[in-house]
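J.: Before we start, here is the structure in question, set down as structure tokens.
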Amino acid sequence: MGEKRQGYHMVAVRVNEQLGTKKNFSFIHKASNLRILGCWIVLMLLISSKVYDDMNDEQKVRRKEVLVSMCDQRARMLQDQFSVSVNHVHALAILVSTFHYYKNPSAIDQETFAEYTARTAFERPLLSGVAYAQRILLSEREEFERQHGWTIRTMEKEPSPIRDEYAPVIFSQETVSYIESLDMMSGEEDRENILRARATGKAVLTSPFRLLNSHLGVVLTFPVYNSRLPLNPTVNERIEATAGYLGGAFDVESLVENLLGQLAGNQAIVVNVYDITNSSDPLIMYGHHSQDGDMSLKHVSKLDFGDPFRKHEMICRYLQKAPTSGIAIQTAVFIFLIGSLIGYMAYGAGIHIVKVEDDFNKMQELKVQAEAADVAKSQFLATVSHEIRTPMNGILGMLQLLLDTELSSTQRDYAQTAQGCGEALITLINEVLDRAKIEAGKLELEAVPFDLRSILDDVLSLFSEKSRQKGVEFTEEGHIFVQVHLAEPAKSVMDVKTETFLNGESEGIPKSCAARQFNTLSGKQAADDRSSWETFKHLDDEFLYDASSNTMNDKNVTLMVCVEDTGIGIPEQAQKRVFTPFMQADSSTSRNYGGTGIGLSISKCLVELMGGHMNFTSRPQIGSTFSFTVEFQRCEKSAVISVKKSLSDDLPTEFKGLKALVVDGKPVRAAVTRYHLKRLGIQAEAVSSIRTALALYAKYGSLISNNEKLPDMFLVEKDSWISGKEDGIMHLSNWGQNGHSYKLPKMILLATNITIAESDKAKAAGFADTVIMKPLRSSMVAACLKQVLGIGRKIQHGRNVPNGSNGLRGLLCGKKILVVDDNLVNRRVAAGALKKFGADVQCAESGQEALKWLQIPHDFDACFMDIQMPEMDGYVLNHYRNYSLVIMVFFSTFEATRLIREMESKANVQINGGFLNEGTTRKSEWHMPILAMTADVIHATLDECLKCGMDGYVSKPFQEKSLYQAVAKFFESKPVSNPEQLSESWRTE
Amino acid sequence: MLGLSVDRLRADMNRLLALLFHQGVLDEQFLQLQQLQDESSPNFVSEVVNIYFHESEKLLRNLRGLLVDKEFSDYKKMGIHLNQFMGSSSSIGAQRVRNVCVAFRAASEQNNRAGCLRALELLEYEYCYLKNKLHELFQIEQQRILAAGVRYPQQRQQPNNP
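Protein sequences appear in the order of chains A and B. The numbering used here applies: residue 18 is where the first sequence begins, and numbers increase by one. The numbering used here applies: residue -15 is where the second sequence begins, and numbers increase by one.
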């Protein structure tokens, strides 16, 4: 039963699991019910009582069996003894017939009989005495009386009346000598007995009666025949042959007493012997008619005393009532107790299980609540942070506005502080939001093909502003250095290295080995030995282009990215908790360097989300190296191709074959620059100083005859330039002046940050071409180089032919256009718009500057001029007075236009004059289209425009269509004049 | 921003732009300006707008200086300033600022000093509003570029995340 309950329990638990928190009433719950316990106990009570009954019944049966056997035994013994006595009487009868009747004279008289019977009395212990009565017929009475000398008397000792026959006792045992001469046939019962006995020839018994000694007894009568009977005598023959009767009194009571006395256990039972000849009125022969004893159980045994006429039976019963069975009671009680105990235990277990189950449910609910709370927390953070950010934008914007107004120094200080705090707050919120997103599991990863290099470029550009602010770049003194390796090859090297490093043997690493690469890059010299740059490049190529042909078959590529820096490092004791959110190295870190200490934990989360590991090494005052491994999947070949395509889109190929000279005193920096150039297909060479560069260039110059290609560009690092300023500038400017016949290399300045003054200086020094701001990005470098070298536009043009705006693009592409506007904003917008259509745009701030640009000869194809320009100032007037071209004191846009036209007409006159004979062949003359730009188009203004020599106008927000219309008539109809040719001719003129 | 998807940021941007257009703060010229931005000049719009802010503040300062001056009479100079302001405003598509400028210019042509002062107040207000909104816009755009650049996976729509 216990097992069964356990089974219920298991079922219940399973169901509970399935139903979750839903409450269900299982058997267990029922088991814990008190009513069930009560029923159980009642059931046990019933069972135990049944057991008791069974045991009791069994005992009763056994008792009855015992009684039966005892009773039967007694009856049998009684019967045996009785029959023995009867046999003796029979023997006596035969004796009498033999010696009294067959002997003549009789051999027996009273004395002999008395003597013999007395001496053989031990054989008849039940018979109180025997007597012999002779059959005397009425005819023989007188003879008989005379012979014996006494008269026959009746039982009442009276002289017998006359009857047919008599049976006077002639012989008697001494114990019953008082019945001598009594006629036995005078008593009614005796007479019947005698008649029955002589008819049957067997012993016959009377019904019981009180004997003289007041004991109950019966009288036994046996017939004695005087002659030998035939074998099967009839009744009459028997009667005829009857000579007398032998009788004896049976003392049944003492007989039974004796008998019982001989048997054990006689006290336990009560024995009654009945004569049931008359079944309706049984006569008691032995025992009391009392009701004592156990009346519930009795046994009746038949007794056969040899008299077929009489029937006897023995009834036995127990003297005492059946004793209650101790064993049965004990067993029943035991069973009951055990059962109750089991029930109680089950009840207790049920209660316990229910309790545990309730607790379990409660705990589960709590768990769900806790989880929900956690999720809610993250969601709350995610939501609220986002909601906070929106007003924060307003706060920061307004603070910026406030700062832009005129403030006292104190106010400015306050406002700046507030702005700084606001920015710190929004950074914190952003980071918390990130972390919350990750924790809330809302960040899901998606596999997208990517180009490693462009990603790195992107990342770099994201942080370019920050790094620029902090002045961090790739230098030996302070830098951030990012590497990517295939994890496997890098790891082996690294492990060895890390081991030695951890063993404190880093000092022992030979410098020469390290010097081969970037020595003392960071606290972890392990990075140095890895042939970092070569490995990177190799990996890059392999990863991007040889993915399919790679022998490695597994789809995953594990990359390791290291970010190294030089700096203060992380203190040893803080290294353990670097990845814990909101933990920083120490409390001063935040104050000194900003940040909230959540970035690293977010990074770690992300890396782990992508199945990688992140770790770091750091040494205080030397620097830190953070590295992480991330497993990527190789993308499909088609995807690779598409990536390649986009890559080639990103990185133009037109620089292929160009040569560059990088001037940088620091090899690491130079290597980086070289790498970027290499990616563009430019062959780069690094030299440490300008002087070396010049020497090299000179060498090239001397080798020009050997078809050696000269460098197309010089990339000079700002530091090198400044350090080598004294002699460098001279040389550089010299280049510009004593220009050889071959093309001069382009001068490009590389700078991390540059002030306006510096840039001016640089321009003066000959870096007019461009300044490239660091950190370098391939796409940016490409764009700058394009600008410098003047290539790319054609390519762009070619590519964009099928595009919709090709008309305008084709029209404007390659055209040089002057934009004149005093408003900087407008200038930028107009220039941007025109640039977009492929034009080469030059800006001028004022009419005066425009005039300067448009001095003939010039190579501008068109001029866009703002209408609402303020008048020229006095300086301009003075300047132009020399040319005696300007008469007007004031002139605005219209005046400027007029002036330009005047110049043109003058030039035209000269041209036509000089080449009059050839002029017929050449119809071109100086007339540059001048278009007015105006924000509000008023027709009156248009008229004025046309009047003063302008060719048209364009509404200022450049609509592509109107622009096209305005420009088309000048460029389509007119063949492109060759300014160079013109200028040549002008010069010769 | 890491968690915010590109789409969402773009939606934010579009919403903000739509609002500005609806309010008449900006007009389609701003869109033209945006179209001018491409790979070769990735920050064209913000560059131009920053120049605009810079110039405009100078102009506003000058205008206020002119108006505050007690014996002020140089409405012509003011007109020049206003023309410039108007030109640059229409270039970037700041419609409302431009409209206020037109009103301002009308007032200055009538030598209406009180009207000028009122117009200046209004102009400053409009300018601040514009600047604020554009700052917000650029901030969102920066985040968007950031998100797009780092290529975080797209976020699934979270129904309980407003």
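Even glycine gets a Cβ: it sits at the ideal position worked out from N, Cα and C. Since this is a predicted model, take the numbers as computed values, not measurements.
What is the rounded straight-line gap between the Cα of Q21 of chain B and the Cα of I639 of chain A?
T.: For the purposes of this step, residue 21 of chain B is identified with residue 37 of the second sequence, where counting begins at 1. For the purposes of this step, residue 639 of chain A is identified with residue 622 of the first sequence, where counting begins at 1. About 43 Å.
J.: Any Cβ of chain B within less than 8 Å of the Cβ of K378 of chain A?
T.: Working through the first sequence from its first residue, we reach residue 378 of chain A at position 361. According to the sequence as given, residue 378 of chain A is Asn; it is not Lys. With 8 Å as the cut-off, N378 of chain A does not count as an interface residue toward chain B.
J.: Counting only beta-carbon atoms, is G756 of chain A nearer than 8 Å to chain B?
T.: Reading the first sequence from its first residue, position 739 is the one you call residue 756 of chain A. Because G756 of chain A carries a pLDDT of 42, less than 50, the predicted location of this residue cannot be relied on, and no value is offered for it.
J.: Examine chain B for any beta-carbon lying closer than 8 Å to the beta-carbon of L1007 of chain A, and answer yes or no.
T.: Limits of chain A in this structure are 18 at one end and 1006 at the other, which puts residue 1007 of chain A out of reach.
J.: Would you identify the three-state DSSP class for R636 of chain A, choosing helix, strand or coil?
T.: Taking the first sequence and counting its residues from 1, one reaches residue 636 of chain A at position 619. It is a strand residue.
J.: Looking at the structure shown, is Q700 of chain A part of a helix, part of a strand, or coil, going by DSSP?
T.: Your numbering for residue 700 of chain A matches position 683 in the first sequence. Strand.
J.: Have a look at Q19 of chain B and G586 of chain A and give me their C-alpha separation to the nearest angstrom.
T.: The residue given as residue 19 of chain B occupies position 35 in the second sequence. The residue given as residue 586 of chain A occupies position 569 in the first sequence. Roughly 46 Å separates the two Cα atoms.
J.: Kindly list, in the order they appear in chain B, the residues whose Cβ is closer than 8 Å to that of L418 of chain A.
T.: Stepping through the first sequence from its first residue, residue 418 of chain A is reached at position 401. Residues of chain B passing the Cβ test: C112, K115, N116.
J.: I need the straight-line Cα distance from L10 of chain B to F877 of chain A, nearest angstrom please.
T.: The sequence position of residue 10 of chain B within the second sequence is 26, counting from 1. The sequence position of residue 877 of chain A within the first sequence is 860, counting from 1. About 34 Å.
J.: Would you list the residues sitting across from D148 of chain B in a DSSP beta bridge?
T.: Residue coverage of chain B in this structure runs from -15 to 146, which leaves residue 148 of chain B outside it and unanswerable.
J.: Can you pull the chain A residues whose beta carbon is under 7 Å from the beta carbon of S30 of chain B, in chain order?
T.: Position 46 of the second sequence, counted from the start, is the residue given in the question as residue 30 of chain B. Within chain A, no residue comes near S30 of chain B; the closest Cβ sits about 11 Å away, beyond 7 Å.
J.: Compute the distance between the beta-carbons of F596 of chain A and L623 of chain A, then report whether it is under 8 Å.
T.: To locate residue 596 of chain A, count along the first sequence from 1; it is residue 579. To locate residue 623 of chain A, count along the first sequence from 1; it is residue 606. Going by C-beta atoms, F596 of chain A is not nearer than 8 Å to L623 of chain A.
J.: Report the neighbours of D22 of chain B on chain A: residues whose CB is nearer than 9 Å to its CB, in chain order.
T.: Here residue 22 of chain B corresponds to residue number 38 of the second sequence, with the count starting at 1. Near D22 of chain B (Cβ distances below 9 Å), the residues of chain A are K853.
J.: Can you tell me which residues form a DSSP beta bridge with K227 of chain A?
T.: In the first sequence, the residue the question calls residue 227 of chain A occupies position 210. The identity of residue 227 of chain A in the sequence shown is Arg, whereas the question assumes Lys. In the DSSP output, where bridge partners are listed per residue, R227 of chain A has A:L233.
J.: Against chain A, does S92 of chain B count as a neighbour if the rule is that its beta carbon must be under 8 Å from one of theirs?
T.: Numbered from 1 along the second sequence, position 108 holds the residue referred to as residue 92 of chain B. No, no contact with chain A.
J.: Tell me where the alpha helix (DSSP H) around G616 of chain A begins and ends.
T.: What you label residue 616 of chain A is simply residue 599 of the first sequence in a count that begins at 1. It spans 616 to 626 - the alpha helix (DSSP H) in which G616 of chain A sits, taken as one unbroken run.
J.: Counting only Cβ-Cβ distances shorter than 7 Å, please list the residues of the region 7 to 20 of chain B near chain A, keeping chain order.
T.: Q13, Q16, L17, L20
J.: So G323 of chain A and A220 of chain A are in contact, right, with Cβ under 8 Å, and what is the actual spacing, rounded?
T.: Working through the first sequence from its first residue, we reach residue 323 of chain A at position 306. Working through the first sequence from its first residue, we reach residue 220 of chain A at position 203. Their Cβ separation, rounded to whole angstroms, is 5 Å, which keeps G323 of chain A and A220 of chain A in contact under 8 Å.
J.: When the Cα of D292 of chain A is compared with those of A:T251, A:P408, A:M331, A:L280, which residue comes out closest?
T.: Counting from 1 along the first sequence, the entry for residue 292 of chain A is found at position 275. Cα-wise, what sits closest to D292 of chain A is A:M331.
J.: I'd like the span of the alpha helix (DSSP H) that includes S92 of chain B, first residue to last.
T.: Translated into positions along the second sequence, residue 92 of chain B becomes position 108. For S92 of chain B, the uninterrupted alpha helix (DSSP H) segment begins and ends at 79 to 93.
J.: Taking the runs of the alpha helix (DSSP H) that are 4 residues or longer, which of them lie wholly in the region 158 to 234 of chain A?
T.: 205 to 217
J.: Pull out every residue of the region 48 to 74 of chain B whose Cβ sits closer than 8 Å to any Cβ of chain A, in chain order.
T.: Residues I64, N67, Q68, M70, G71, S72, S74.
J.: If the cut is a Cβ gap below 8 Å, which residues of chain A does E39 of chain B touch?
T.: Your numbering for residue 39 of chain B matches position 55 in the second sequence. Those within 8 Å of E39 of chain B in chain A are N840, L841, V842.
J.: Under three-state DSSP, which class holds F643 of chain A?
T.: On the first sequence, residue 643 of chain A is found 626 positions in, with the first residue counted as 1. Residue state, collapsed to three classes: strand.
J.: Can you check whether the C-beta of Y109 of chain B is within less than 8 Å of a C-beta belonging to chain A?
T.: Against the second sequence, residue 109 of chain B aligns to sequence position 125. Answer no: the Cβ-Cβ gap between Y109 of chain B and chain A never drops below 8 Å.
J.: Could you check the C-alpha separation between Y262 of chain A and P185 of chain A for me, to the nearest Å?
T.: In the first sequence, counting from the first residue as 1, residue 262 of chain A sits at position 245. In the first sequence, counting from the first residue as 1, residue 185 of chain A sits at position 168. Approximately 9 Å, taken between the alpha carbons.
J.: Nearest by alpha-carbon distance to I412 of chain A: which of A:T434, A:Q337, A:V241, A:S425 is it?
T.: On the first sequence, residue 412 of chain A is found 395 positions in, with the first residue counted as 1. If we check each option's Cα against that of I412 of chain A, A:T434 comes out closest.
J.: Take Q592 of chain A and list the residues in its own chain whose beta-carbon comes closer than 7 Å to its own, dropping the five residues that flank it on each side.
T.: In the first sequence, the residue the question calls residue 592 of chain A occupies position 575. Closer than 7 Å at Cβ, skipping near neighbours: S635.
J.: Taking only beta-carbon positions, decide if Q79 of chain B is within less than 8 Å of chain A.
T.: For the purposes of this step, residue 79 of chain B is taken as residue 95 along the second sequence, with counting starting at 1. No, Q79 of chain B lies away from the interface with chain A (no Cβ there is under 8 Å from its Cβ).
J.: What would DSSP say about S145 of chain A, mapped onto helix, strand or coil?
T.: For this step, residue 145 of chain A is matched to residue 128 along the first sequence. Correct three-state label for S145 of chain A: strand.
J.: Which value, in whole angstroms, describes the spacing of the CA atoms of H693 of chain A and S706 of chain A?
T.: Numbered from its first residue, the first sequence carries residue 693 of chain A at position 676. Numbered from its first residue, the first sequence carries residue 706 of chain A at position 689. When rounded, the distance between both Cα atoms is 20 Å.
J.: Along chain A, in chain order, which residues have C-beta atoms closer than 8 Å to that of E120 of chain B?
T.: The residue you call residue 120 of chain B lines up with position 136 of the second sequence. Those within 8 Å of E120 of chain B in chain A are N410, G411, G414.
J.: Exposed or buried, R(-8) of chain B, counting other C-beta atoms within 10 Å across all chains shown (16 or more means buried)?
T.: To locate residue -8 of chain B, count along the second sequence from 1; it is residue 8. Answer is buried; the Cβ neighbour count reaches 16.
J.: Secondary structure at N96 of chain B, three-state DSSP: helix, strand or coil?
T.: To locate residue 96 of chain B, count along the second sequence from 1; it is residue 112. If DSSP states are grouped into helix, strand and coil, N96 of chain B belongs with coil.
J.: Who are the neighbours of A850 of chain A on chain B, taking C-beta pairs under 7 Å?
T.: Mapped onto the first sequence, residue 850 of chain A falls at position 833. Under the 7 Å cutoff, chain B gives L20.
J.: Name, please, each residue of chain B whose Cβ falls closer than 9 Å to the Cβ of R845 of chain A.
T.: Counted from its first residue, the first sequence places residue 845 of chain A at position 828. Result: F28, E31, V32, I35, Y36, S75.
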